[in-house]
Amino acid sequence: MTRSQLLPRLVMAMLLLFTAIPFLTLLSASLQPLGVSPRGLKWPSNPRWSNFVEGYQVADMTPLLMSSTLIVIGVVPISLLIASLAGYGLASLRIPGARWMLLVFIAGLTIPFESLITPLYFQMKSLGVLNTRWAVILALIGLFMPFGVFWMRSHFVSIPNEISEAARIDGAGPWQAFWRVHLPLARPALTSLAILLFLWTWNQFILALVLIDDPSLRTVAGALGAFQSQYGTNVVLLASVSVLIMAPTIIVFVLFRKQFSKALLEGAVKG
Amino acid sequence: MRDSRTSTGRQVRNQYMRYSGWLFVLPALAMYATFVLWPLIVSVNYSFYDWNGISESEWVGFRNYKRILTDETQLAPIFNSLKLIVFFTVVPVFVGLLSAAILHNLRSRFLGAYRTTLFLPQVIPLVASGIVWGWIYSPTGILNQTLSWVGLDSWTRPWLADFDLAFPAVGVVGAWVLTGFCTLLLSAGISKIDPNLYDAAKVDGAGRFQEFRAVTLPGLRREIGVCVIVTMIGALASFDIVFITTQGGPGRETLVPGIQIFRAAFVERRVGAASAMAVILMLLIWILILPIQRYFQRDATR
Chain A
1 MTRSQLLPRL VMAMLLLFTA IPFLTLLSAS LQPLGVSPRG LKWPSNPRWS
51 NFVEGYQVAD MTPLLMSSTL IVIGVVPISL LIASLAGYGL ASLRIPGARW
101 MLLVFIAGLT IPFESLITPL YFQMKSLGVL NTRWAVILAL IGLFMPFGVF
151 WMRSHFVSIP NEISEAARID GAGPWQAFWR VHLPLARPAL TSLAILLFLW
201 TWNQFILALV LIDDPSLRTV AGALGAFQSQ YGTNVVLLAS VSVLIMAPTI
251 IVFVLFRKQF SKALLEGAVK G
Chain B
1 MRDSRTSTGR QVRNQYMRYS GWLFVLPALA MYATFVLWPL IVSVNYSFYD
51 WNGISESEWV GFRNYKRILT DETQLAPIFN SLKLIVFFTV VPVFVGLLSA
101 AILHNLRSRF LGAYRTTLFL PQVIPLVASG IVWGWIYSPT GILNQTLSWV
151 GLDSWTRPWL ADFDLAFPAV GVVGAWVLTG FCTLLLSAGI SKIDPNLYDA
201 AKVDGAGRFQ EFRAVTLPGL RREIGVCVIV TMIGALASFD IVFITTQGGP
251 GRETLVPGIQ IFRAAFVERR VGAASAMAVI LMLLIWILIL PIQRYFQRDA
301 TR
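For the protein sequence lines, the chains are A and B, in the order given. Heads up, the first sequence is in the numbering used here, so the first residue is 1 and it goes up one at a time. Heads up, the second sequence is in the numbering used here, so the first residue is 1 and it goes up one at a time.
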């Protein structure tokens with residue numbers, strides 16, 4: 001190893017340790033015998049993998065995973081569709097007032113969820129969907145529009161005009177051009193957006209906490225909050241449930257690592 | 001449009017086509033207007049009333065705002081969220097810049113695994129991060145364990161219940177979540193800087209520090225701007241981490257506007273006060289973010 005590579009390696013190792021130790025200490029706690037009060041980071045002599053089964057049952061995870069999945073299914077496809085439509089409209093159709101409209105959407109990127117949560121609660125109540133998954137689904141679709149529209153518009157802006165021209169010469173109206181030509185071409189942008197929206201929906205906490213009373217109808221992240229207040233003193237059980245709840249996001253992340261990193265970094269730069 | 005419009009008929013048809021484009025925007029706009037813009041207006045409206053969410057509301061003008069802005073205990077969460085910027089923004093951006101610059105020339109077989117690990121805190125739910133760190137700070141957690149191990153027994157304590165140290169303890173959680181993200185974002189930015197610039201700096205005899213100042217920093221302007229803006233919004237609008245680790249305690253030491261809004265609206269049933277805080281939080285974010293955004297966007301094309 002050359003000397004010039006020593007410092008970078010040291011920095012990398014330190015950052016890695018700082019990032020990884022919390023995960024390791026959580027995992028070690030989740031494998032201790034149930035009911036004991038575990039110590040920081042100590043690999044158990046006899047790791048209790050069965051804790052995860054126990055945690056899964058105590059937290060009643062099956063309906064929770066189902067519930068999160070239903071919310072994702074309710075939010076992501078519709079958001080992708082209407083964000084693409086709007087992004088295409090604002091980018092390619094030369095709509096009067098498009099610039100102004102885009103600014104209205106972008107302004108939404110800075111609005112914190114907390115600032116909307118109180119009126120949303122009463123709005124959902126009067127719509128009769130409070131304490132149902134619809135409350136979270138509807139609110140999230142609306143809240144994702146600023147980013148979704150912005151993201152899809154910047155994709156469609158980058159598509160050369162010639163493609164639209166060619167479609168028009170072939171007699172396609174804007175509607176057919178969108179479905180037949182532009183949407184298929186937008187697949188990479190749509191995939192990235194889908195991954196981000198999945199993540200933000202799955203991990204959503206405050207909306208689920210406020211809009212749904214029954215933890216079993218919430219997102220898993222929202223239910224984890226309830227579980228913590230119920231079993232907060234049982235460190236081992238709480239740790240094993242936390243590992244279970246993190247697992248799906250980590251698995252999706254590892255499976256789609258390339259698109260994921262790209263989406264998160266580009267999403268940030270564009271946003 | 002390049003094509004020359006010769007006939008008025010075509011012009012009319014074009015006009016019609018252009019307006020029909022609004023149909024594409026309509027569904028997204030409808031959802032956005034219904035579940036973001038409308039609640040925003042309602043929030044402003046609520047903030048002028050005294051209302052418990054059930055019985056008749058009473059118009060109180062600016063009293064809710066006055067109470068927040070003149071009462072020190074009400075202002076504390078706002079100052080806390082500003083102080084969180086140190087942990088959520090300053091630390092991640094500085095550490096991120098430093099490590100991205102240092103890692104720039106690193107060649108390692110483990111870069112892939114390294115990137116994956118740095119991303120993990122960004123991927124898991126913030127709620128889970130809160131639980132992990134709650135465990136780290138707990139009396140039997142790894143922090144106290146390490147302190148005892150190196151002979152600093154007197155320093156051990158239940159960190160999140162400590163009036164002086166709960167706040168920085170919560171801040172560190174934010175730094176943990178965001179430092180890896182900033183490092184990766186800035187690393188990606190550095191790899192896009194023209195390598196000729198680095199060669200030129202070397203030819204000019206620039207040292208590492210000068211190279212950093214003259215090439216890396218200006219080249220990363222856009223990415224730094226993004227890091228600052230994203231993390232600052234994260235600090236000002238923090239909720240999940242604080243809710244899970246301390247709920248704003250001990251006392252009001254770690255209270256932030258998000259928690260304050262939640263408590264006022266859904267625990268104390270003071271909808272007007274909650275809404276006034278919500279409006280103040282939003283204005284605060286706009287006042288802080290807009291100039292920063294302007295600053296970093298100016299000649300971002302360079």
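C-beta: ideal position from N, C-alpha, C; glycine also.
Whether residue i touches residue j by CB criterion (8 Å)
i: B:Ser43; j: A:Pro47; result: no
i: B:Phe296; j: B:Ile224; result: yes
i: A:Pro146; j: A:Ile95; result: no
i: A:Leu64; j: A:Ala223; result: yes
i: A:Ile272; j: A:Ile137; result: Nothing about residue 272 of chain A can be read from this structure; chain A reaches only from 1 to 271.
i: B:Ile68; j: B:Ile280; result: yes
i: B:Asn292; j: B:Leu236; result: A small correction: the amino acid at residue 292 of chain B is Ile; Asn does not occupy that position in the sequence shown. Against a cut-off of 8 Å, the Cβ pair of B:Leu236 and B:Ile292 comes out as no contact.
i: B:Arg269; j: B:Gly53; result: yes
i: A:Phe178; j: B:Val127; result: no
i: B:Leu40; j: B:Ala100; result: no
i: A:Asn131; j: A:Ile212; result: yes
i: B:Leu178; j: B:Thr231; result: yes
i: A:Ile251; j: B:Ile124; result: no
i: B:Thr183; j: A:Leu265; result: no
i: A:Ile169; j: B:Met282; result: no
i: A:Ala86; j: B:Val25; result: yes
i: A:Arg39; j: B:Gln145; result: yes
i: B:Gln260; j: B:Pro92; result: no
i: A:Ala91; j: A:Phe156; result: yes
i: B:Ala276; j: B:Tyr65; result: yes
i: B:Trp303; j: A:Ala239; result: Examination of residue 303 of chain B is not possible in this model, given that chain B is present from 1 through 302 alone.
i: B:Ile193; j: B:Val215; result: yes
i: A:Ser28; j: A:Pro44; result: yes
Beta-ladder partner(s) of residue i, from DSSP
i: B:Tyr49; result: B:Trp59
Closest residue to residue i among the options (Cα-Cα distance)
i: B:Phe212; options: B:Phe110, B:Asn105, B:Phe48; result: B:Asn105
i: A:Asn161; options: A:Pro174, A:Gly267, A:Trp151, A:Ser84; result: A:Pro174
i: A:Tyr56; options: A:Phe260, A:Ser30, A:Thr191; result: A:Ser30
i: B:Leu111; options: A:Tyr121, A:Thr62, A:Pro248, A:Arg9; result: A:Arg9
i: A:Gly108; options: B:Met31, B:Lys202, B:Val91; result: B:Met31
i: A:Pro188; options: A:Trp151, A:Ala59, A:Gln32, A:Val243; result: A:Trp151
i: A:Phe113; options: A:Val104, A:Ser92, A:Ile141; result: A:Ile141
i: A:Ala221; options: A:Val157, A:His155, A:Ile245, A:Ala239; result: A:Ile245
i: B:Gly248; options: B:Leu160, B:Val226, B:Ala214, B:Lys202; result: B:Leu160
i: A:Leu26; options: B:Tyr65, B:Ser138, B:Gly205, B:Gly272; result: B:Ser138
i: B:Asp164; options: B:Thr254, B:Asn45, B:Thr34, B:Arg107; result: B:Thr254
i: B:Gly272; options: B:Glu58, B:Ser148, B:Leu23, B:Leu82; result: B:Glu58
i: A:Leu7; options: B:Leu290, B:Leu152, B:Val267, B:Leu103; result: B:Leu103
i: A:Asn203; options: B:Ala200, B:Trp51, B:Gln122, B:Ser55; result: B:Gln122
i: B:Val226; options: B:Leu23, B:Val90, B:Val150; result: B:Val90
Chain A within 8 Å of residue i, Cβ atoms only
i: B:Val228; result: no
i: B:Arg115; result: yes
i: B:Gly258; result: yes
i: B:Ala235; result: no
i: B:Asn105; result: yes
i: B:Leu184; result: yes
i: B:Phe35; result: yes
i: B:Trp22; result: yes
i: B:Leu84; result: no
i: B:Tyr46; result: yes
i: B:Ala28; result: yes
i: B:Pro39; result: yes
i: B:Gln145; result: yes
Buried versus exposed, by CB contacts within 10 Å (16 or more), residue i
i: B:Asp312; result: Shown here, chain B extends from 1 to 302; a query on residue 312 of chain B therefore has no answer.
i: A:Val254; result: exposed
i: B:Arg2; result: Here the model assigns B:Arg2 a pLDDT of 44, short of 50, so the residue's position is not dependable, and the following value carries that caveat. When all chains shown are included, B:Arg2 counts as exposed.
i: A:Gly267; result: buried
i: A:Asp60; result: exposed
i: A:Thr19; result: buried
i: A:Ala13; result: exposed
i: B:Tyr317; result: Only positions 1 to 302 of chain B appear in the structure, and residue 317 of chain B is not among them; the question remains open.
i: A:Arg99; result: exposed
i: B:Ile287; result: exposed
8 Å Cβ cutoff, residue i in contact with chain B
i: A:Gly35; result: no
i: A:Arg256; result: Looking at the sequence provided, one finds Phe at residue 256 of chain A rather than Arg. Not an interface residue.
i: A:Phe105; result: yes
i: A:Met12; result: yes
i: A:Arg39; result: yes
i: A:Asn203; result: yes
i: A:Ala20; result: yes
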